[in-house]
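Reviewing the structure listed below.
Numbering (UniProt numbering), first residue to last: 1 to 1022.
Laid out in structure tokens, this is it:
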């Protein structure tokens, strides 16, 4: 399979290329006549013979007459070398992988595929990872080819879906392939934009499914960010799709300067914008370990403290007002010995002001938290920052009013419309996933028109639509990944800063890192100079994928298909390195074994005894913990309103008064309590790791209203008095009895016979008396640790070979157990045909049972594409939701769709109470999930996520017609998140309306969709 690689700008052996493309290395395309495309001749032909000039002229004539020549005249600008290489390969009938930086123009190759399809009378599908990108690409293609030839298909929109060119999300194409849609007839080209999304843990497998299952005669155009293993990805594409050209460009069309926004030299001064590299370093090719700017090093060494922190008052220097700002700046903070507490980070508004003075706006200012983005906008407003002219303000106002006209007036106040609009008029905005989609669209539109000058955004913007800027600012080089704070990778840094520099507008883009305490300029330089990151597959079989594959090609061929995935391709290549690592471990283990030898006896046996003792102690500790938790649950069950409870340790440590016992949760009782500082909270078992103790009781007034601060304060005072009296009584009783109120419990380990036996055996072992025992033990610990690592590597080596197919087999076993798959009679024709059977299925057991086929239940599972597809199918099949009304069904579906951003210990409110139809349905849903999880664990599969009740109340309220204010009141859920989750619930309800086995459920699902699709949910196009 012929392949090629064209790389740009890495400094290897070079040859001259068309102007503006930098250097090119590696294997290049073979061009007819030997003349690079786009070369006009002129001085390039001076030294050519007449025959050579004639050949060059002929080559130019052929190029002009080609489809690429027609396309170049259509776009009206000269293509870069990598674009020409990719387009020529595409016109030659080859598949293409294009890897290039953000803003380099790789989408031109995708648009050329559209041009080829229209010219040949065939169809082209242009896929994108998100709906926003689909909407934008649809608008771009409509402007070029007109609305009659271009359609749009997303989960929300269907526009001219029979057009020869259709833009769609990747999931839509995947569903078409599994359904055998007639829309695939005549398909000639598929463009997969942002194909590096296949590394996404949640949605990445869809990209591989599409690549594997596309018809063989479809030419695939894969557009990717620059990745370090493009050739490996290209090798895989060539294996599964045939002849594929790999075109890689690391050249940025707009050079990128690297800067640091250093803290002010004076307490009330402005931030200083300093270059990262020394003046003699080429920022487009800094090389390895580039020298740092002396000015930056001096600034970082000076470490003069600023007058306030990031969230402080309004102190500082106001360049626009010409002097120091009044406020709470104050003197520099001092430590206990009078020393400075260190340099403060520059203020966000001050950084923006500095960029404005340097004419480096518009800018995208990345802050890795939603609250930080909103806070930055507030700080800019508080500082009086105004970045727009009166004419721009009027234009912004008109655009905002037009957007607001589509929203229900009663929702505008809830959404903070006035503050948002005021910030926009000043040229400032936030952009994050918690915003209402229509607000985000407005920000994107105004920013792309140059009206909004700075957008404070989370990293999701870097993965979203095309919003280039002159500058990109990174507030920090660490981010929260959901578990802990982690450093940005070079790939993430490249992705974020890649939006700096607008082609055709800016001579140079600017990446600005805000100085934070401890900033290491050398580490930053290393981050900025390493632009590549590897592409890793996240592919794994799913239940829906399994039934679709078995239905289409049978289990045996399905295994072969899955073995062609990029995940398996990478796993097979990685086995070589793991095997070498295992060999090195084996040699080290021999050395450790020699070092731990003892002349008194078998030290390995002695070490195993020590390990067994440690393991037994841990088991006993876990058992004791479970017993304590059971005691705590029993104590919670015994609570009654009026009980005064002591919580010795934990998040709610202190004293509380039980107001209500609560309805109970899936993880134990959750009573409502009043704290001594007059706060009403939910008390959970997790809040009391050491248990609880009931001290006394107090009377709660019959008409006590916990929402009234005065009544809460009065009852809290009564609580404090009761606690004081109870402690006095307990201390007196303890004094008379001569005992401490602290009770001690014997450890369960003290009476454990097995632990006592192990300890006796340890003491009696000959090695126990060895004077060098602890030295031997240290070597034994190393041997044990390395043995575990070695065994894990061996398992990985054994597990990687055919790992995807084995997972598929386990999934099929689960589906067969649940009767979504069933056995055909053994006499089925073709069962014993070796050409139709893989060796793995040639066992007598499988042949006697017959081949697998999809059952009637499995056929409607084929049409369920939710992430938790099997749980959804089982809830439908077992009738868990059959008795629900539309609002209840929407709420129940939300438990399978929703995943909270953080753990929430509060007890979710279930409409209808603990014994209502929705509560019963949710109980049944959890029981179904538990059964599914048990089955998955038994088959060594990753368990399905537990249902999350966090969205139940909000979705139910919305589906019953409540206002947005009522839905979000008392909730931490942002409006944009609520709309996004509602869209996903609607997507699943739409699948239920088509695939549910029960007619009533199908009808209820359609009504639930209508109930949800209103107000801000209906007006949001994303």
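Here a beta-carbon is modelled for each residue, glycine too, at the ideal position from N, C-alpha and C.
Since we're looking at a predicted model, the values are computed, not measured.
From which residue to which residue does the beta strand (DSSP E) around residue 644 run? 643-647
Is the CB-CB distance between residue 273 and residue 358 below 8 Å? yes
Comparing C-alpha positions only, which one of 173, 178, 197 and 202 sits nearest to residue 189? 173
Delimiting residues of the alpha helix (DSSP H) encompassing residue 1001: 999-1012
Using DSSP with H/G/I as helix, E/B as strand and the rest coil, what is residue 93? coil
Would you tell me roughly how many angstroms separate the C-alpha atoms of residue 597 and residue 615, rounded to the nearest one? 23 Å
Does residue 486 pass the burial test, meaning 16 or more other C-beta atoms within 10 Å, or should it be called exposed? exposed
Whole-angstrom C-beta distance between residue 700 and residue 659, which should lie under 8 Å: 7 Å
Quick one: is residue 937 buried, meaning 16 or more other Cβ sit within 10 Å of its Cβ, or exposed? exposed
Hey, would you say residue 895 sits closer than 8 Å to residue 944, going by beta carbons? no
Starting from the C-beta of residue 498, find all residues in its chain whose C-beta is less than 6 Å away, skip the five residues before and the five after it, and write them out in chain order. 101 and 102
DSSP bridge partner residues for residue 853 (one or two, in chain order): 822
Between 966, 383, 725 and 504, which has its C-alpha nearest residue 413's C-alpha? 966
Residue nearest to residue 404 in terms of C-alpha spacing, selected from 442, 455, 372 and 369: 442
Are the region 684-692 and the region 708-728 in contact at 8 Å, needing three or more beta carbon pairs? no
Here's a check: name, in chain order, each residue in its chain whose Cβ is nearer than 7 Å to the Cβ of residue 83, leaving out the five neighbours to either side. 105, 108 and 109
Counting only the same chain and skipping the five closest in sequence on each side, list residues whose C-beta sits under 6 Å from that of residue 993. 1002, 1005 and 1006
Around the C-beta of residue 136, are 16 or more other C-beta atoms found within 10 angstroms, so that it is buried, or is it exposed? buried
Tell me, please, whether the region 578-593 touches the region 786-793 by the rule of three or more beta-carbon pairs shorter than 8 Å. yes
Assuming residue 474 and residue 366 form a contact by the criterion Cβ under 8 Å, report the distance between their Cβ atoms to the nearest whole angstrom. 5 Å
Which stretch, first to last residue, makes up the beta strand (DSSP E) that contains residue 151? 150-153
Length of the line joining the Cα atoms of residue 18 and residue 78: With a pLDDT of 32 at residue 18, under the threshold of 50, the modelled position of this residue cannot be trusted; read the value that follows with caution. Going by the C-alpha atoms only, they are around 10 Å apart.
Does DSSP put residue 239 in a helix, a strand or coil? helix
Between the region 239-250 and the region 275-285, do three or more beta carbon pairs fall short of 8 Å? no
Please state whether DSSP places residue 503 in a helix, a strand or coil. coil
Among 549, 533, 69 and 87, nearest to residue 863 - alpha-carbon criterion: 549
Taking the straight line between their C-alpha atoms, what separation do you get for residue 210 and residue 170? 8 Å
Compare the beta carbon distance of residue 98 and residue 81 with 8 Å and say whether it is the shorter of the two. no
Residue 1015 classed as buried or exposed, judged by whether at least 16 other C-beta atoms fall within 10 angstroms: buried
Check whether the Cβ atoms of residue 94 and residue 243 lie closer than 8 Å to each other. yes
Given residue 804 as reference, the closest of 362, 268, 568 and 223 once Cα atoms are compared: 568
Is the Cβ-Cβ distance between residue 656 and residue 645 less than 8 Å? yes
Reduced DSSP category for residue 1019 - H, G, I as helix; E, B as strand; rest coil: coil
If we call anything under 8 Å between Cβ atoms a contact, is residue 176 one with residue 223? no
Touch test, the region 431-451 against the region 387-405, Cβ-Cβ under 8 Å, three pairs minimum: yes
Let me confirm a value: residue 991 is counted as buried when at least 16 other C-beta atoms fall within 10 Å, else exposed. Which label applies? buried
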